[in-house]
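Novice: Would you mind keeping the following structure in view while I ask a few things?
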Amino acid sequence: MRRNISYRNRIKNYVFSEAANIYKTLADLNEVEFIIARNKLNMLKRLALKTGVRLPRKYKRLICKKCGELLIPGRTARVRVKSKRQKHIVQTCLNCGYMKRIIIDVEKIKSLNSI
Ligand SMILES: [Zn+2]
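Residue 4 is where the sequence shown starts when you use the numbering used here, and the numbers rise one by one after that.
Dropping the structure here:
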């Protein structure tokens, strides 16, 4: 029997599987593939926004919030761990210079390690 999948769920499945496919190939993209992956991810992000699907964090962090560049550490992004103030990761877009701070939840990591 075919299950009744709603429109939003279909979009969700599509967005997640496409994003996962791009995520897998990130390490070895040539110039053309890089542009295709960037445009596709931006398209998926717009689609997710429009349909109310929440994109997982790891895919969301791949796109620069300011210029839409695909962020690959060592290629188009600089990633640094800072321990001043609260411990956090700084991800800098090398295209436009936008900096994103990601706070490291130390308590959460500790609780994960103790199990
Ligand atoms: Zn940028």
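Quick reminder that beta carbons are idealized off the backbone N, C-alpha and C, glycines included. As the structure is a computational prediction, the values presented were derived from the model and not from experiment.
Looking at residue 52 and residue 25, is the spacing between their C-beta atoms short of 8 Å?
Specialist: Position 22 of the sequence shown, counted from the start, is the residue given in the question as residue 25. Position 49 of the sequence shown, counted from the start, is the residue given in the question as residue 52. No, these two residues do not count as a Cβ contact at 8 Å.
Novice: Candidates 116, 90, 117, 71: which alpha carbon is nearest residue 97's?
Specialist: Numbered from 1 along the sequence shown, position 94 holds the residue referred to as residue 97. When only C-alpha atoms are compared, the closest one is 71.
Novice: Anything with a beta carbon under 6 Å from a heavy atom of ligand 1 counts; list them all in chain order.
Specialist: Going along the chain, the residues that qualify are 67, 69, 70, 72, 96, 98, 99, 101.
Novice: Using DSSP's beta-bridge definition, name the partner residues of residue 94.
Specialist: Working through the sequence shown from its first residue, we reach residue 94 at position 91. Beta-bridge pairing links residue 94 to 82, 103.
Novice: Would you tell me roughly how many angstroms separate the C-alpha atoms of residue 85 and residue 23, rounded to the nearest one?
Specialist: As a first step, residue 85 is located in the sequence shown; it is residue number 82 there, counting from the start. As a first step, residue 23 is located in the sequence shown; it is residue number 20 there, counting from the start. Distance between the alpha carbons of residue 85 and residue 23 is about 29 Å.
Novice: Leaving out five residues before and five after residue 11 in sequence, what residues of the same chain have Cβ atoms less than 8 Å from its Cβ?
Specialist: Residue numbering aside, residue 11 sits at position 8 when the sequence shown is read from its first letter. Cβ within range, chain order: 54, 55, 56.
Novice: For the candidate residues 60, 37, 104, 111, whose alpha-carbon lies nearest to that of residue 95?
Specialist: Taking the first residue of the sequence shown as position 1, residue 95 is located at position 92. Residue 95 has its Cα closest to that of 104, out of 60, 37, 104, 111.
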